[in-house]
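**Student:**
Residue numbers (full-length UniProt numbering), protein chains in the order written: chain P, 1 to 287; chain Z, 1 to 298.
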């Protein structure tokens, strides 16, 4: 009797474990498959002309330079606004704020910002930056919209990095006569720097791959030249991929896969860099 | 010199404090602009017409019900995929897999969360939809089902990441106690570890599903964009249109301050309120869990 019971239990466990393993495989394999598939299909399209040329013949030939440069500008513009603001906000939460009602409200606001649908950011950017502040459909409007969207990622990862710095570092600096800001500037920030950089890159990675927030704030269907100023609209890799896969009839499949691959390299490249910085910093850390 | 230092310190402290409040300011600004551009809808479209079954803006039919059911249907479908697979993967990674497998696979799953949604939509059009059309013998592959499958994939990393953290945070002594009184590892997982981590797992599910409702590009590209009222799960096999996709597809073509423009902002307002509800609820769950943990430990 007891033996049968034990046997049953073991069988259930075996079946259960196999099921969970299978589910994990079904989750993981499509991810690897997707990345490999895009690399294999997109690689033949990649050439010097594709990376550095302008689109020709209604985008059906030539390169995607304006989209690459555009995504680069948008990412840079996003960084200009979101990095100082996000790091300062994280410093406030980690080094200044006490646990009170206001701090809880701020945390709730950050969680909310992180959850707002990307297309709603687009609406907000249209309402505030494009129309109300009259920046027009421009790199400026799109970058500012994207930076508010990336803010919660940068704030939470930076705060985590700051909090990981041991309290004793601060105590020593203060006891040597340093002011609070001097302590943060000379002691806490340098120690937390790798963590902060990782967070910033992960935030910007999201901005680089987003389409919906820039749809009505700065993305251009097609531009025969590079943007001259922050007040120009721009082409961007994610929007360009959307356009050529849904809006342009008889688009050569190779150019579509090539564009997807360049976007993937751009975004995943940032992810890989962030991961490397994080693991190297962890290995070097002495506390 | 000393005075100069104090002065600088004062300015910097002010700036940092102000930045600290920025998140609150931005959430308020976003809500304000959605209200400012969305509320005129209520004056321009009678409430009855707004909750009508027909979305056809060219002839001034602004019934948003088909869009709401479209979003719901696709999200439910995504949840049916993301919840079991997300939690299953999280349990495998936290409880069953060797440490090195977990350290390899978890970042990989989180990588999926970093894939731009437009890339998934692109593959959805080229590969998933045609496959579904042929295997299920449908008139078109651009259906709610395609959207649900891809959205499920988008929600899975969120679910796995948060649920795995929650399971990992369950004290080892809980498991040891269960094993010591003769439970198998499988029984320990179901009767001890998972219940102990349930609020974290619930948060994972809510945030994952919340993310699906707000997804835009993927659903716009693969769901076929037909604003037809969905009434049951059988509608998974026909084209639908979600709230997010409607805004993204139509905002570019409307005149500023027209009724259509206001209605699209109104839909944005509804989305904002949904995501706020989900997030406030999710953080309330986390908060309660913290309190309980404090009670147990003290």
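Backbone N, C-alpha and C define an ideal beta-carbon position, used for all residues, glycine too.
Going by C-alpha to C-alpha distance, which of P:281, P:223, P:280, P:202 sits closest to residue 266 of chain P?
**Tutor:** Closest option to residue 266 of chain P, Cα to Cα, is P:202.
**Student:** Would you tell me roughly how many angstroms separate the C-alpha atoms of residue 126 of chain Z and residue 66 of chain P, rounded to the nearest one?
**Tutor:** Rounded to whole angstroms, residue 126 of chain Z to residue 66 of chain P spans 25 angstroms at the Cα level.
**Student:** Could you name the residues of chain P that residue 79 of chain Z contacts, counting a contact when the two beta carbons are closer than 7 angstroms?
**Tutor:** The premise fails here: residue 79 of chain Z is roughly 15 angstroms from chain P at the closest Cβ pair, so nothing lies under 7 angstroms.
**Student:** Note down, one range per segment and in chain order, each alpha helix (DSSP H) of at least 4 residues found wholly within the region 128 to 182 of chain P.
**Tutor:** You should have 139 to 164, 167 to 175.
**Student:** If you check the beta carbons only, do residue 101 of chain Z and residue 219 of chain Z fall under 8 angstroms apart?
**Tutor:** Against a cut-off of 8 angstroms, the Cβ pair of residue 219 of chain Z and residue 101 of chain Z comes out as no contact.
**Student:** Note down the Cα distance separating residue 216 of chain Z from residue 178 of chain Z, rounded to an integer number of angstroms.
**Tutor:** Roughly 45 angstroms between the two C-alpha positions.
**Student:** Output needed in chain order: residues of the region 86 to 116 of chain P with a Cβ under 7 angstroms from some Cβ in chain Z.
**Tutor:** Here the close residues are 88, 89, 91, 92, 93, 96, 97, 105, 106, 108, 109, 110, 111, 112, 113, 115, 116.
**Student:** Are any of the Cβ atoms in chain P nearer than 8 angstroms to that of residue 203 of chain Z?
**Tutor:** No, residue 203 of chain Z lies away from the interface with chain P (no Cβ there is under 8 angstroms from its Cβ).
**Student:** List, in order along the chain, the chain P residues whose C-beta lies closer than 7 angstroms to that of residue 279 of chain Z?
**Tutor:** Simply 111, 112, 115.
**Student:** Can you give the Cα-Cα distance for residue 254 of chain Z and residue 55 of chain Z, rounded to whole angstroms?
**Tutor:** Whole-angstrom Cα-Cα distance: 15 angstroms.
**Student:** Compare the C-beta of residue 197 of chain P with all C-beta atoms of chain Z and state if any pair is closer than 8 angstroms.
**Tutor:** Judged by the 8 angstroms Cβ criterion, residue 197 of chain P is not in contact with chain Z.
**Student:** Taking 8 angstroms as the threshold (C-beta atoms), are residue 155 of chain P and residue 23 of chain Z in contact?
**Tutor:** Cβ atoms of residue 23 of chain Z and residue 155 of chain P: closer than 8 angstroms.
**Student:** Grouping DSSP H, G and I as helix and E and B as strand, with all else coil, what is residue 10 of chain Z?
**Tutor:** Residue state, collapsed to three classes: helix.
**Student:** So, are the CB atoms of residue 81 of chain Z and residue 148 of chain Z less than 8 angstroms apart?
**Tutor:** The answer is yes: Cβ separation under 8 angstroms.
**Student:** Curious, which full-length alpha helix (DSSP H) runs of at least 4 residues does the region 195 to 251 of chain Z contain?
**Tutor:** 198 to 214, 217 to 222, 243 to 250, all fully within the region 195 to 251 of chain Z.
**Student:** Closest by CA to residue 53 of chain P, which one among P:39, P:68, P:41, P:44?
**Tutor:** Of P:39, P:68, P:41, P:44, the residue nearest in Cα terms is P:68.
**Student:** When DSSP builds the beta bridges, which residues end up paired with residue 61 of chain P?
**Tutor:** Residue 61 of chain P is bridged to P:56.
**Student:** Rank P:64, P:41, P:195, P:6 by C-alpha distance to the C-alpha of residue 236 of chain P and give the top, closest one.
**Tutor:** The shortest C-alpha separation from residue 236 of chain P is found at P:64.
**Student:** Since residue 96 of chain Z is in the alpha helix (DSSP H), which residue starts that stretch and which ends it?
**Tutor:** It is not in any alpha helix (DSSP H) - residue 96 of chain Z carries neither H nor E in the DSSP assignment.
**Student:** With respect to the alpha helix (DSSP H) encompassing residue 168 of chain Z, which residues constitute its N-terminal and C-terminal limits?
**Tutor:** First-last of the alpha helix (DSSP H) with residue 168 of chain Z: 144 to 168.
**Student:** Counting C-beta neighbours from all protein chains within 10 Å, is the total for residue 137 of chain Z 16 or more, i.e. buried, or is it exposed?
**Tutor:** Burial call: exposed.
**Student:** Three or more beta-carbon pairs under 8 angstroms between the region 188 to 208 of chain P and the region 69 to 81 of chain P, yes or no?
**Tutor:** Touching, per the Cβ criterion.
**Student:** Is the Cβ-Cβ distance between residue 200 of chain P and residue 40 of chain P less than 8 angstroms?
**Tutor:** Going by C-beta atoms, residue 200 of chain P is not nearer than 8 angstroms to residue 40 of chain P.
**Student:** Would residue 174 of chain Z and residue 196 of chain Z qualify as a contact pair, given that the criterion is a beta-carbon distance under 8 angstroms?
**Tutor:** Yes; because the gap between Cβ atoms is below 8 angstroms, this pair is in contact.
**Student:** Select from Z:270, Z:119, Z:261 the residue whose C-alpha is nearest the C-alpha of residue 58 of chain Z.
**Tutor:** The residue with the shortest Cα to Cα distance from residue 58 of chain Z is Z:261.
**Student:** Could you name the residues of chain Z that residue 288 of chain P contacts, counting a contact when the two beta carbons are closer than 7 angstroms?
**Tutor:** There is no way to answer for residue 288 of chain P, as the model of chain P reaches only from 1 to 287.
**Student:** Where does residue 279 of chain Z land, buried or exposed, given buried means 16+ other C-beta within 10 angstroms?
**Tutor:** The residue is buried, with at least 16 neighbouring Cβ atoms inside 10 Å.
**Student:** Just to confirm the assignment, what range does the alpha helix (DSSP H) spanning residue 31 of chain Z have?
**Tutor:** Note, residue 31 of chain Z: alpha helix (DSSP H), 22 to 38.
**Student:** Nearest to residue 68 of chain Z by alpha carbon, out of Z:204, Z:270, Z:277?
**Tutor:** When only C-alpha atoms are compared, the closest one is Z:270.
**Student:** Residue 244 of chain Z CB to nearest chain P CB: under 8 angstroms?
**Tutor:** Output row for residue 244 of chain Z: interface = yes.
**Student:** Find the residues of chain P that neighbour residue 123 of chain Z, judging by a C-beta separation of less than 7 angstroms, and give them in chain order.
**Tutor:** In chain order: 34.
**Student:** Do residue 87 of chain P and residue 183 of chain P count as a contact pair if the criterion is CB distance below 8 angstroms?
**Tutor:** The answer is no: Cβ separation not under 8 angstroms.
**Student:** For residue 6 of chain Z, count neighbouring Cβ atoms within 10 angstroms of its own Cβ and tell me buried if that reaches 16, exposed if not.
**Tutor:** Answer is exposed; the Cβ neighbour count stays below 16.
**Student:** Going by CA-CA distance only, name the one from P:189, P:185, P:180 that's closest to residue 162 of chain P.
**Tutor:** The shortest C-alpha separation from residue 162 of chain P is found at P:189.
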